[in-house]
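Data first, discussion second: the structure below is written as structure tokens.
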Amino acid sequence: MQRPLVGHLDPTFIGMMEEIKSMLRHVFQTENEMTFPVSATGSAGMEACFVNLLEPGDEVVIGVNGVFGARMCDVAERCGATVNRVEAEWGTIIEPSAIAATLEGCKPKLVAIVHAETSTGALTPVEEISRLAHDAGALFVLDTVTSLGGCPVAIDAWQVDAAYSGSQKCLSCPPGL
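Taking our numbering, the leading residue of the sequence shown gets 336, the next gets one more, and so forth.
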């Protein structure tokens with residue numbers, strides 16, 4: 336942080352970006368070449384996922400057990416999606432059985448949860464919810480803003496279709512990456 340900034344048009348930037356992408360793939364436990372940093376907040380990552388995956392009229396299932404699950408619902412509604420909220424008391428996890436029950440009554444384009452809800456610390460189990468989403472023919476979106484770098488995040492093993500994080504929490508980097 337004591338060196339001059341390298342601009343995005345600087346030839347050395349491309350090499351730096353490739354190195355960062357490789358390190359991100361390692362921490363996300365993925366081989367997906369579409370893993371990349373965005374100079375923005377975790378909420379901007381959330382919006383980027385939703386606006387690129389949703390169209391007006393799509394149906395979604397979102398787990399809400401704190402502030403950021405509720406924010407997912409707001410973003411999805413602004414995209415024109417019909418939101419099916421799976422509510423859990425703050426400080427508790429989103430139970431896979433509650434997701435399964437909701438999926439019985441709808442055909443969503445995507446299912447989304449917050450892995451570790453920042454506002455409460457609740458760590459929701461991912462693997463079973465991902466399986467339920469895919470069994471229903473839906474994409475699975477995972478918020479890893481608080482969990483990435485603090486606990487295992489296995490994007491490939493968990494079959495996560497889209498995920499986002501933030502650099503300022505467990506990665507201990509400056510905010511905005």
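Just so it is clear, CB atoms sit at the ideal spot from N, CA and C, and this is done for glycine as well.
query, result
"In whole angstroms, what separates the C-alpha of F403 from that of P431?", "18 Å"
"Cβ atoms of N400 and A457: under 8 Å apart, would you say?", "yes"
"Use the C-beta contact count for C508: other C-beta atoms within 10 angstroms, 16 or more gives buried, fewer gives exposed.", "exposed"
"Using the Cβ count rule (16 or more neighbours within 10 Å means buried), how would you classify K504?", "buried"
"Assuming I429 is part of the beta strand (DSSP E), what are its boundary residues?", "Where I429 is concerned, there is no enclosing beta strand (DSSP E), given that its DSSP letter is neither H nor E."
"In chain order, what residues of the same chain have a beta carbon less than 6 Å from the beta carbon of A416, not counting five sequence neighbours either side?", "L389, D393, V395"
"Just to confirm, are T479 and S454 a CB contact at a threshold of 8 Å?", "no"
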